[in-house]
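Participant: Just dropping this structure here.
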DNA sequence: AGAAATAAGGACATTAATATCTTTATATAT
DNA sequence: ATATATAAAGATATTAATGTCCTTATTTCT
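Residue numbers (my numbering), protein chains in the order written: chain A, 1 to 147; chain B, 1001 to 1147.
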């Protein structure tokens, strides 16, 4: 559904948002550890998010990543769009170029409903909402193994 | 959403089903041409479908692939399961292993709805239904370019 | 029996995604 | 100023998906 890169992106941002009140910049080491992702790969992803203006960053000691508090909340669709693109959110289920409501592929209509649901999710939910759920203890980002 | 291999599989089967009344075996060349897919890659996919008993085949002159008419209709879920597996139909949207209703990841509930819709589609629709739509002229399998 | 057509199977090639490592640029703190 | 911490950037490695090619087995037809 989403690429690994995209999942890491969402998780990274949710983690940053969940720590937004601490008013500090968060480094790659901490992010990768928090979301259980390969650090250098995560670095690449953060670079993209940073270039797209979705996340802010600062180099140097005490540098790291953070979410601009003055900016509007980040919708999931922005993240997916930045990392995976929008092709499989609007394209045909069977990958046919000319597929449309007028000239549909065999599963066009049925598939549209699934895509609509997904679009609804991505356009309705923000990183901040997800972070809030986490803080409430309603959900989690990383599987914690307890001995 | 689906791999290319899976899309080729669905399209191949829909094509076979749409020709089922002709009572002949259909070769790889014809299939690949009909659905606009790489022939040898399609061959691999047909091998899998054949091993799984989803499609029948015969070697030799006038050999080819065909759908057993005495067998029950083929649900899309069977094809997806054979080619892509069921992991991303039941797994967590963020790929977390321990994610469940009791211990959900941040987008667990929202994502469940999308997956449910998809499952509903795959478990409700058969290859034969899609083939029928095609025969009705309601939909198509291949973009036809007319000069 | 022999030739031809076809799927099955195996080996290889290419491409894209994921992951790692090294170097560079920049900011901070001492 | 210098050392240090950090993101940015570049280079390379690994893995998985996709695609191609060649050989083999099986069947049919003559």
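Yeah, the Cβ is synthetic: ideal placement off N, Cα and C, and Gly gets one too.
Values in this document were obtained by computation on a predicted structure and should not be read as measured data.
#1: Is the Cβ of residue 131(A) closer than 9 Å to any Cβ of chain B?
#2: Assign residue 147(A) to buried or exposed, taking buried as 16 or more other Cβ atoms, counted over all protein chains shown, within 10 Å of its Cβ.
#3: Is it true that the CB of residue 3(A) sits closer than 9 Å to the CB of residue 83(A)?
#4: Taking its Cβ as the centre, do 16 or more other Cβ atoms sit within 10 Å of residue 46(A), making it buried, or is it exposed?
#5: Starting from residue 38(A), find everything on chain B with Cβ-Cβ shorter than 9 Å and list it in chain order.
#6: Residues of the segment 113-126 of chain A in Cβ contact with chain B at a cutoff of 7 Å, in chain order, please.
#7: When the Cα atoms are used, what is the spatial distance from residue 145(A) to residue 36(A)?
#8: From 1076(B), 1032(B), 1056(B) and 1072(B), pick the residue whose C-alpha is nearest to that of residue 93(A); which is it?
#9: Starting from residue 100(A), trace the beta strand (DSSP E) both ways and give me its first and last residue.
#10: If we count the other Cβ atoms within 10 Å of its Cβ and call it buried at 16 or more, is residue 1060(B) buried or exposed?
#11: Starting from residue 2(A) and walking both ways along the beta strand (DSSP E), at which residues does that stretch end?
#12: Enumerated in chain order, which unbroken segments of the beta strand (DSSP E) with a length of 3 residues or greater are wholly contained in the segment 1035-1120 of chain B?
#13: Skipping 5 residues on each side, what residues in its chain have a beta carbon closer than 8 Å to that of residue 1063(B)?
#14: From which residue to which residue does the alpha helix (DSSP H) around residue 130(A) run?
#15: Taking only beta-carbon positions, decide if residue 1(A) is within less than 9 Å of chain B.
#16: In the DSSP assignment, what residue or residues form a beta bridge with residue 1026(B)?
#17: I want to verify the contact list: residues of chain A whose CB lies under 8 Å from the CB of residue 1080(B), in sequence order.
#18: Counting pairs of beta carbons, one from the segment 94-108 of chain A and one from the segment 1128-1143 of chain B, are three or more of them closer than 8 Å?
#19: Taking the alpha carbon of residue 1108(B) as the point to measure from, which residue in 130(A), 96(A) and 108(A) has its own alpha carbon closest?
#20: Measure the alpha-carbon distance for residue 1016(B) versus residue 1040(B) and round it to whole angstroms.
#21: From the beta carbon of residue 1146(B), is the nearest beta carbon of chain A less than 9 Å away?
#22: Quick one: list the residues of chain A neighbouring residue 1041(B), beta-carbon separation under 8 Å, in chain order.
Facilitator: Walking through what the data contain:
#1: yes
#2: Only weak support is given to the placement of residue 147(A): the predicted model assigns it a pLDDT of 37, under 50, and the value that follows is read from those uncertain coordinates. So residue 147(A) ends up on the exposed side.
#3: yes
#4: buried
#5: The premise fails here: residue 38(A) is roughly 13 Å from chain B at the closest Cβ pair, so nothing lies under 9 Å.
#6: 113, 114, 117, 118, 121 and 125
#7: Because residue 145(A) sits at a pLDDT of 46, beneath the cut-off of 50, its placement in the model cannot be relied upon, and the following sentence gives the value as read from the coordinates. The straight-line gap from Cα to Cα measures roughly 12 Å.
#8: 1076(B)
#9: Per DSSP, residue 100(A) belongs to no beta strand (DSSP E) and is neither H nor E.
#10: exposed
#11: Note, residue 2(A): premise wrong, no beta strand (DSSP E); not H, not E.
#12: 1056-1058 and 1064-1066
#13: 1025, 1027 and 1057
#14: 127-135
#15: yes
#16: 1065(B)
#17: Per Cβ cutoff of 8 Å: no residues; residue 1080(B) is ~11 Å from chain A at best.
#18: yes
#19: 130(A)
#20: 17 Å
#21: Unreliable positioning characterises residue 1146(B) in this predicted model, as indicated by a pLDDT of 45, which lies under 50. A coordinate reading is not provided.
#22: Near residue 1041(B) there are no residues of chain A at all, since even the closest Cβ is about 14 Å away, more than 8 Å.
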